[in-house]
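Sequential numbering of the sequence shown, starting at 11, is according to our numbering.
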Amino acid sequence: MGKSFSNPTSGSVRADTRCWSTSLPTTLRPVKARSENRRTTRRSLALLLLAAPFLWGCASTSHVRELAASGVAYGTKLDGLLTVTEETAVDASSARALSEAQRVKTPSRRVEILEGQDRLIEPTLGDLEKLRRHARLLKRYFQALADLADSATDETVARAVVGAAEALETLGKDLGSSSALSSDQKNALGKAASLVVQGVREHAIARELAARANVIDHQLQIHQELLQALRNKLKADTQSLFVIGYARDVRKQFETDQIADAKDWISQRRAYILMDRKIDALEIASDAAGRLRSAWKAYVENKFDAAALTDALKQVDSAVALAETVRRSR
Numbered sequence: 011m012g013k014s015f016s017n018p019t020s021g022s023v024r025a026d027t028r029c030w031s032t033s034l035p036t037t038l039r040p041v042k043a044r045s046e047n048r049r050t051t052r053r054s055l056a057l058l059l060l061a062a063p064f065l066w067g068c069a070s071t072s073h074v075r076e077l078a079a080s081g082v083a084y085g086t087k088l089d090g091l092l093t094v095t096e097e098t099a100v101d102a103s104s105a106r107a108l109s110e111a112q113r114v115k116t117p118s119r120r121v122e123i124l125e126g127q128d129r130l131i132e133p134t135l136g137d138l139e140k141l142r143r144h145a146r147l148l149k150r151y152f153q154a155l156a157d158l159a160d161s162a163t164d165e166t167v168a169r170a171v172v173g174a175a176e177a178l179e180t181l182g183k184d185l186g187s188s189s190a191l192s193s194d195q196k197n198a199l200g201k202a203a204s205l206v207v208q209g210v211r212e213h214a215i216a217r218e219l220a221a222r223a224n225v226i227d228h229q230l231q232i233h234q235e236l237l238q239a240l241r242n243k244l245k246a247d248t249q250s251l252f253v254i255g256y257a258r259d260v261r262k263q264f265e266t267d268q269i270a271d272a273k274d275w276i277s278q279r280r281a282y283i284l285m286d287r288k289i290d291a292l293e294i295a296s297d298a299a300g301r302l303r304s305a306w307k308a309y310v311e312n313k314f315d316a317a318a319l320t321d322a323l324k325q326v327d328s329a330v331a332l333a334e335t336v337r338r339s340r
């Protein structure tokens, strides 16, 4: 995303005391003010202020919890958004079948048209369903990562993290070969990331990141690229359909005052007008995946900026709100 990250020095994010208490010499730790020794107190406070940048130089467990919460929310909301997108893709395919079959009277030819649309829509529905499963696995991973931050010595939790990550990687390989992806996108996905874990003081989290930080980065990159690719494909598939279908099913009936069923006409008009909005929600979700990926990199490499998580959630929330608005308007 090209977004730069800086260490926070104010706001709701707090330094993890387990982190900075092991990073600072005893002489740099804050001491209680004593009326009988104000000079010592002032000197200690001055040293503490000088050391402040180092207090924020480590990634705390509170940070990983915030990041995990964002990942869980992203996975949950993307699952719902993709459900709406699947319905939109099928509606668009059905409308195209009707358009192609207009004035065709031969039953065998009409069956060919319908079966042809069934074959054409299958790869897209397959990608959307796999992406939904992948989103649920991503949610499971981030939830397990949050549990690991709270129960670092629990072997069951550690195994859950590993299991979710391995399942993500397996399904991610399948998604990375989708025919919806352009050659440039596939080349971008083929370039291995090389994140370097820095400043993570919690040993269990540090070990997990050292083992799989690049894997999770790659999964988020797959989301970013594939969501955009599916948006572009559906947009192209429906562009001509909207022009032809809207003129035939909506405008012509209204102009000639030949609306046989008012409720059906209203439903058709709504479907055509909202079709673009449903598809464009995928672009917002792609941007959200990119922002979450940027936040992940920043945490792993100790360049954490809490604002990146807020931005990621806002983008996901926008996409989901749009999808839910469309769903309620049906």
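Positions of the beta carbon are idealized from the N, C-alpha and C atoms, including for glycine.
On a predicted model such as this, the values are computed, not experimentally measured, just so you know.
- The three-state reading of DSSP puts VAL210 in strand, counting E and B together.
- A distance below 8 Å between beta-carbons, with the five flanking residues on each side excluded, links SER204 to the following residues of its chain, in chain order: ASN224.
- Nearest to ALA272 by C-alpha distance, out of ASP259, ILE283, THR95, is ASP259.
- VAL171 sits in a helix when the DSSP states are folded into three classes.
- Taking a C-beta distance under 9 Å as the contact criterion, LEU141 and HIS233 qualify as a contact pair.
- Within its own chain, the residues whose Cβ lies closer than 7 Å to the Cβ of GLN263, once the five positions on either side in sequence are excluded, are ILE269, TRP275, listed in chain order.
- Three or more beta-carbon pairs separated by less than 8 Å link the stretch 286-297 to the stretch 238-254, which places the two stretches in contact.
- Annotation: the continuous alpha helix (DSSP H) that includes VAL310 extends over 272-310.
- Between VAL82 and ALA175, the alpha-carbon positions lie close to 14 Å from each other.
- Around the beta carbon of VAL207, 16 or more other beta carbons lie within 10 angstroms, which makes this residue buried.
- The beta carbon of ALA154 sits closer than 7 Å to the beta carbons of VAL167, ALA170, VAL171, ALA174 from its chain, once the five residues preceding and following it are set aside; these are given in chain order.
- Burial state of SER304 is buried, judged by a 10 Å Cβ sphere holding 16 or more other Cβ atoms.
- Cβ-Cβ separation between GLU218 and LEU158: approximately 6 Å, consistent with a contact (criterion under 8 Å).
- Counting only residues of its own chain and dropping the five nearest sequence neighbours on each side, ALA220 has a CB closer than 6 Å to the CB of VAL207.
- Contact check between the stretch 91-102 and the stretch 111-125: fewer than three CB pairs, one atom from each, fall below 8 Å, which does not count as touching.
- Classified as buried, ALA308 has 16 or more neighbouring CB atoms from the shown chains inside 10 Å of its CB.
- Taking a C-beta distance under 9 Å as the contact criterion, VAL253 and LEU88 do not qualify as a contact pair.
- In this structure, the alpha-carbon of TYR151 lies about 17 Å from that of LYS183.
- Here the alpha carbons of GLU125 and SER118 stand approximately 11 Å from one another.
- Each residue's CA atom was taken as its position, placing ARG301 and SER104 some 35 Å apart.
- DSSP places ALA202 in the coil class of the three-state scheme, outside both helix and strand.
- C-alpha of GLY186 to C-alpha of ALA107: approximately 30 Å in a straight line.
- Taking C-beta separations shorter than 8 Å and ignoring five residues to either side along the sequence, the partners of ILE123 in its chain run ALA107, GLU110, ALA111, VAL114, following chain order.
- In the structure shown, SER103 adopts helical secondary structure according to DSSP, grouped into three states.
- Burial is judged here by how many other beta carbons sit within 10 angstroms of a residue's own beta carbon; ILE226 has at least 16 and is buried.
- Of all alpha-carbon atoms in LYS196, TRP306, ASN312, the one lying nearest the alpha-carbon of ASP321 is that of TRP306.
- Every unbroken stretch of the alpha helix (DSSP H) spanning 4 or more residues and falling wholly within the stretch 130-186 is given here in chain order: 165-185.
- Distance from the CA atom of GLY209 to the CA atom of ALA156, rounded to whole angstroms, is 18 Å.
- Note that the C-beta distance between LEU191 and LEU148 is not below 9 Å.
- In the structure shown, ARG113 adopts coil according to DSSP, grouped into three states.
- Looking at the backbone, the Cα of TYR84 and that of LYS324 are separated by about 10 Å.
- In the three-state reduction of the DSSP assignment, ALA190 falls in the coil class, being assigned neither a helical nor a strand state.
- Distance from the CA atom of GLY90 to the CA atom of ARG120, rounded to whole angstroms, is 34 Å.
- Only residues of its own chain outside the window of five on either side were considered, and among them LYS149 have a CB closer than 7 Å to the CB of THR86, listed in chain order.
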